[in-house]
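Please read the structure below before turning to the comments.
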Amino acid sequence: MAKKAPRRTAERIAQVTLALFNRFGEPNVSTTLISAELGISPGNLYYHFPSKDALVNQLFDQYEEAMLSLLDAAPDVRDVEDTWFFLHSLFEQVWNHRFLYRDLNNLLSGNRHLETHFHAVLERKTLAFRQMLESLVAVGLMRMDADNIETLSASLSVMVTYWLSYEYVRNPRQAMEPASAGLALTRGAQHVLALLTPYMADQQVQQHLQALTAAYSAPETR
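FYI, the numbering for the sequence shown is 167 to 388, going by the working numbering.
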């Protein structure tokens, strides 16, 4: 049997590690557990990733690339449907690498790579929300002045960044399980849209937004 290429092995290690980190939290997953889950020796794991921080950095870099690519679409948000899709897509990216948000403060305090790069992602996220709001104002969908845009951009960035922490506090045993994804993402997008509603240009637009939100409504009980 042909040996697996090193790149394939590294990709498999990253995939399995991401699943374990997302489900149990990075502090609760050891390299021994990762090796056992993969069915490989610790030495083989360390050949590809010399430390757990190296794994964390690899997974963060994947997240960063996907998130920045998505944020580039912010200036193209021009109607209610675009807004919903953009916000829901943001929450999907957060969910895909939710271990970063679950243990954010702990990770930032012990990992210089994350400390510097996550700050840049946060700033880019806030800029993207500002671009989205400016686009919606430009097409007449929203009415806001520059101060409102600046404040709301920061509020939206905070909500997206810490929404999963809120979900985790509400239900720490189930919030990060894959089965909870639909509820968590929909609720997050709904609450962000609720912040936008008061600034919609007219009642018809507000009703359209509320109807769209209701169509994706998820029950609050688990």
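The beta-carbon is built from N, C-alpha and C at its ideal position, and this holds for glycine as well.
- A straight-line Cα-Cα distance of about 24 angstroms links ALA294 and LEU273.
- In the displayed model, MET310 falls within coil according to three-state DSSP, outside both helix and strand.
- MET366 carries a strand assignment under DSSP once its states are collapsed to helix, strand and coil.
- The C-alpha of ARG290 is placed about 19 angstroms away from the C-alpha of ASN262.
- DSSP places PRO208 in the uninterrupted alpha helix (DSSP H) bounded by 208 to 214.
- Here DSSP, grouped into helix, strand and coil, assigns ALA239 to coil.
- By the criterion of a C-beta distance shorter than 7 angstroms, THR379 is surrounded in its chain by GLN356 and LEU359, once the five residues flanking it on both sides are discounted.
- Its chain contains LEU307 as the residues whose beta carbon lies nearer than 7 angstroms to that of ASP245, once the 5 sequence neighbours on both sides are disregarded; these appear in chain order.
- Below 8 angstroms, enough C-beta pairs join the region 225 to 243 and the region 275 to 284 to call them touching: three or more.
- Approximately 6 angstroms separates the beta-carbon atoms of VAL287 and MET233; this is inside 8 angstroms, confirming the contact.
- For GLU247, the uninterrupted alpha helix (DSSP H) run begins and ends at 246 to 262, by DSSP.
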